[in-house]
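Counting from 1, position 291 in the sequence shown corresponds to residue 450 in the numbering used here; the numbering is continuous, with no gaps. Just so it is clear, CB atoms sit at the ideal spot from N, CA and C, and this is done for glycine as well. I have placed the structure first, in the form of structure tokens, so that the comments after it can refer back to it.
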Amino acid sequence: MLFDFNNNQYKYREEFDEFPEIENHDFRFTKCTCGETDSYVVSTVSRHRNFFPIVACSHCGTLRANPYFTEETATHYYGNVYGKVKREDRSPEQLFSAQRNTSLAPFFADVMEEFDTVLDFGGGAGGRTSELADLGKGVWLHEVESDYSQYAYSQGIQPYDKTRKYDLVVVSHVIEHMIDPAAQMAEIIRDCCVENGLLLVATPIIDRQRARQWLQHFHIAHKYYFTHDALIGLMANLGCELIKQNSVDAYLFRVGAQPEPDFVASCYEKGARKTKSLVEADLKPSFKGLWRYLTQWRPQSHSQKSP
């Protein structure tokens, strides 16, 4: 295991309760996005020092929290906890500005002629796609947090219209929050994307870092953590062909392709191999690790009585 809740040597981003009264809510064990259940534990703690089991799929290499929220628990968490905990000091104006500073418009520079309408799915205050509106594109927003969506509308972005479909659908840092990404992304493709339309998926990619750096990503709002190959395999299985990507987190797909089982299987195999090699590399004994153990180890009391 990479990160053990009972080990107090880690440097946490900060320490706070990510989900007050978590014991009053339901969790369940789930399959991976690839449909498999075989896995091994990589962590039992979040970056905020909350108990949070993370496993790696033996079949595709995707990391996932397991067990995780039921649909009812997720509804409660995002409706009553998430905004207060994760965005406590950020106003809609501040979020819009921060998102605007990481605008997605430059990423689409070479495909601008291929779309006129854009849906920002789960886009917060809409800042990451607002520049596309400035460039003459029609931009709509699907967002459940009303404070942020209302501010986006005041900036010229339009409310999601479920009666229409869009040339480009942006799902930026949303897929890692989904309870069932395979089913939910299939629904987005079916209900929101025009035939042969474009779909952007952005999410942290774990195999672009050493395994020892993964703790910074682990928090209760994220269920999934993808490798490069596992994400491509998941989307290929949904009929999405990769068009382009950047070196950080963004992947642009064209929807409507026929899934190729052999290609999907090869992606999953590469993802599993990469995750396993990264974990093994950082669990391998080293002189530095031995020295840290010898200098930081302290004897623990064997008494089971309360102090």
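Residues of its chain near residue i, where Cβ-Cβ distance is below 7 Å and the 5 sequence neighbours each way are ignored
{"i": "G315", "result": "A292"}
{"i": "V244", "result": "E177"}
{"i": "F164", "result": "T203, V204 and F210"}
Contact under 9 Å by Cβ, residue i with residue j
{"i": "H305", "j": "R259", "result": "The sequence shown places Ser at residue 305, rather than the His named in the question. Taking 9 Å as the Cβ cut-off, S305 and R259 do not qualify as a contacting pair."}
{"i": "P363", "j": "H378", "result": "no"}
{"i": "T386", "j": "C219", "result": "yes"}
{"i": "Y384", "j": "E335", "result": "yes"}
DSSP-derived helix/strand/coil call for residue i
{"i": "K170", "result": "coil"}
{"i": "D152", "result": "Lying outside 160 to 466, the shown extent of the chain, residue 152 is not represented and no answer is given."}
{"i": "L374", "result": "helix"}
{"i": "K386", "result": "At residue 386 the sequence reads Thr, which differs from the Lys that was named. Coil, per DSSP."}
{"i": "N355", "result": "strand"}
{"i": "W304", "result": "One detail in the question is off: residue 304 reads as Glu in this sequence, not Trp. Here E304 sits in coil by DSSP."}
{"i": "T276", "result": "strand"}
{"i": "K443", "result": "coil"}
{"i": "V414", "result": "strand"}
{"i": "Q404", "result": "strand"}
{"i": "Y227", "result": "strand"}
{"i": "G286", "result": "helix"}
{"i": "C216", "result": "strand"}
Closest by C-alpha distance to residue i, when choosing among the options
{"i": "H235", "options": "G295, Y307, M337 and H184", "result": "H184"}
{"i": "A268", "options": "N405, Y169 and C426", "result": "N405"}
{"i": "L294", "options": "A311, S202 and L263", "result": "L263"}
{"i": "Q417", "options": "C399, C219, E177 and E273", "result": "C399"}
{"i": "Y169", "options": "E180, F186, H207 and F188", "result": "H207"}
{"i": "A284", "options": "K243, T276, S250 and G297", "result": "S250"}
{"i": "P179", "options": "Y237, D388, C191 and C193", "result": "Y237"}
{"i": "R172", "options": "N209, L254, M160 and Q309", "result": "N209"}
{"i": "M394", "options": "W373, R371 and L359", "result": "L359"}
{"i": "Y307", "options": "R187, D279 and L222", "result": "D279"}
{"i": "I348", "options": "I338, N396, W373 and T386", "result": "N396"}
{"i": "N355", "options": "K324, K296, L254 and F255", "result": "K324"}
{"i": "A361", "options": "R287, D339 and D421", "result": "R287"}
{"i": "A257", "options": "V277, G282, Y241 and N239", "result": "G282"}
Contacting residues, own chain, Cβ-Cβ under 8 Å from residue i (five flanking each side not counted)
{"i": "R369", "result": "L437, A440 and D441"}
{"i": "L357", "result": "V270, E273, F274, D326, L327, V328, I402, L411, F412, R413 and V414"}
{"i": "F175", "result": "H207 and V244"}
{"i": "D197", "result": "C216, S217 and H218"}
{"i": "D320", "result": "W299"}
Chain-order list of residues whose beta-carbon lies under 6 Å from that of residue i (same chain, five-residue window excluded)
{"i": "T322", "result": "none"}
{"i": "A311", "result": "A284, G285 and L300"}
{"i": "G392", "result": "V423, C426 and Y427"}
{"i": "P226", "result": "F186, R187 and F188"}
If we count Cβ pairs, one from each stretch, closer than 8 Å, do we get three or more for the region 437–444 versus the region 391–411? With a cut-off of 8 Å, the region 391–411 and the region 437–444 do not count as touching, because too few Cβ pairs lie within range.
If contact is defined by three or more beta carbon pairs under 8 Å, each pair taking one atom from either stretch, is the region 205–219 in contact with the region 419–439? Touching, per the Cβ criterion.
Is it a yes or a no for the region 221–235 touching the region 318–330, going by three-plus beta-carbon pairs under 8 Å? No: the two stretches stay apart, fewer than three of their Cβ pairs being nearer than 8 Å.
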